[in-house]
Amino acid sequence: MAQIEQSDGGKKKKGAQKKMSIHVDFTPMVDMNMLLITFFMLCTTMIKSQTLSIALPAPPDENATQENSESVGESTALTLIIDTERDEAGNILTDEAGKTKDVIYYYSGFEPTIEKGVVTEHKLAAEHFVGNTMDGSRTVQNGIRKILHDRNSEVLDEIEKYKADWRAGKIDDIAFDTIARKIRNNADYKNRPQVTIKATERASWESVISALDEMQINQISQYRISKFTSNDSLIIADYKQQNGIQ
Amino acid sequence: MGKIKVKRKSTLIDMTAMSDVTVLLLTFFMLTSTFLQKEPTQVITPPSVSTTKVETSNVAQILVSTDPTGENTKVYISLLGEADPDFPEANEELGLYPGMWSTEELRKSVLTTASLRYKELTGRDPGITKFDVDKFAKIGTFGVPMMQMHEFLNMDQTAQDEFISNLANPQSGIPLRDIKKADGTITNEFQIWMIAIRDAGNPGLTEAMRKTGSGIAVKADRTAQFNKVNEVLENLRTIKLNKFTVMTALKTEND
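These protein sequences, in sequence, are chains A and B. Residue numbers for the first sequence follow the working numbering, so the first one is 2 and each next one is one higher. Residue numbers for the second sequence follow the working numbering, so the first one is 1490 and each next one is one higher.
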């Protein structure tokens, strides 16, 4: 392959020169290429980062006359308070499987009543990020996802009808996204939850992103990130007291 | 007795095929991969189910770096990526030429605008020279107080890297300390930078930052305290850049 044979043009003369073959040694070339490949493998990345879009409410406008915040109905309101367990040095604690110990406290409806600094209505509950498990061929939601899934079942059931078509390739991704967006923003579904996400000071960035993910997974269109208040910490302290958690 | 003549066999291995393969591999790596960006600190982005890819041009990336206690929170900004391919269409009369908003040109404009605005608001002159602006154009990620910028730009590269990647260094990171404006409202250096980037004159970037939010990418470590990251988000919200993206890694719904 790497040699060039010099042909004598088919003529056979007496005393013709011996056939010369020129060898080109490709070993240094291979060496150099290997070095270059190593360089590219070490200094580059094939993974392109993904991004998640977030829209915060616009800053309050001094000139605005009307309140533009959406009213939240008691039956549809759901508040999540995210907390991450950390040790004293601030390192995130993990369980045996290496998962971070995130706790999501949640309550439906309006904020529990607090009288003179004492929480009188114990409606807070706690859950974790668990994800899905398979029960035979059926997907089962667990943890906080189950709560959100059940609250938004109207929308999810409707989208599920189109999901089969989408999986079968009858409708493409863009068409499916359009349909899904239409359904989750459809105000006819009266029970769509309006989720308020709050995070304690210790909550990790990952846990907040996970919570936003849950909104996307459960097709919840109405959610906002809100400030963690002193009332919220009172409610959590009360919950811990009620359940005997340190 | 006749000697048995052992025919000498050549041990040459033909490397041509091998060379072909390596060249193909090399081509593949060169075409598919992107260079790792040099960042002041290593950040592991949180996993998310979102599959939207980060934009390759017109992105201002904000890096929020914290230590476990959250005491040393540093903010860096990087203007990276390719030149905006769609802008501008050549128009000599207006002084527009393709490639005008290369990242380097953008950075030059940003530093000039930001330092002028800083001087206007605080009355202190950061002393940025034309020479500094040229040096700034070569820097991907920056994050020093405006008053230190001149000094920072005059260090050599190794010193610069050390300077900003040291989380304990109080001079590293863009300060979020309040600056009182003449009309009583409060701003800070981070806001000055972000406004300078928004108003740098590249309409593609301005649009991506104001309308769709794809022009801003916030990158924070998965373990970072949310309230520290939120400080940056609130700052963005204050300057009406309330739509943005956050950098995430991929995970599946079942995780």
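Ideal Cβ positions, reconstructed from N, Cα and C, are used throughout, including at glycine. None of these values were measured; they are calculated from a predicted model.
- Put simply, the backbone Cα of glycine 137(A) is about 39 Å away from that of valine 1532(B).
- Around the beta carbon of arginine 1596(B), 16 or more other beta carbons lie within 10 angstroms, which makes this residue buried.
- Judged by DSSP secondary structure, leucine 1569(B) falls within the beta strand (DSSP E) whose first and last residues are 1563 to 1569.
- Listed in chain order, the non-local C-beta contacts of leucine 57(A) below 7 Å within the same chain comprise Ile226, local neighbours out to five positions each way being set aside.
- Secondary structure of proline 1536(B) (DSSP, three-state): strand.
- A straight-line Cα-Cα distance of about 5 Å links threonine 1712(B) and serine 205(A).
- For glutamine 1550(B), the enclosing beta strand (DSSP E) has its first and last residue at 1548 to 1554.
- In the three-state DSSP reduction, leucine 57(A) falls in the coil class, being neither helix nor strand.
- Following the DSSP letters along the chain, one finds tyrosine 240(A) in no beta strand (DSSP E) but inside the alpha helix (DSSP H) bounded by residues 231 to 243.
- Rounded to the nearest whole angstrom, the C-alpha separation of methionine 1504(B) and isoleucine 48(A) is 32 Å.
- For tryptophan 206(A), the closest Cβ of chain B is nearer than 8 Å.
- Contact of valine 1538(B) with chain A by beta-carbon distance below 8 Å involves Asp214, Gln217, Ile218.
- Distance check between isoleucine 1728(B) and each of Thr28(A), Met42(A), Ala126(A), Pro61(A) places Pro61(A) closest, using alpha-carbon atoms only.
- Taking the Cβ atoms as the reference, leucine 1642(B) lies roughly 25 Å from aspartate 1667(B), outside the contact range of under 8 Å.
- Secondary structure note for serine 50(A): it is in no beta strand (DSSP E), with a DSSP letter that is neither H nor E.
- From the listed residues Ile236(A), Lys102(A), Lys228(A), the smallest Cα separation to serine 211(A) is found for Lys102(A).
- Shown in chain order are the members of the region 1522 to 1536 of chain B whose Cβ falls below 7 Å from a Cβ of chain A: Ser1522, Thr1523, Phe1524, Leu1525, Thr1534, Pro1535.
- Between histidine 123(A) and valine 104(A), the CB-CB gap reaches or exceeds 8 Å.
- For alanine 1697(B) and leucine 1725(B), the gap between their C-alpha atoms comes out near 14 Å.
- Closest in alpha carbon position to aspartate 1509(B), among Met35(A), Thr77(A), Tyr190(A), is Met35(A).
- Between arginine 193(A) and threonine 77(A), the C-beta gap is smaller than 8 Å, which places the two residues in contact.
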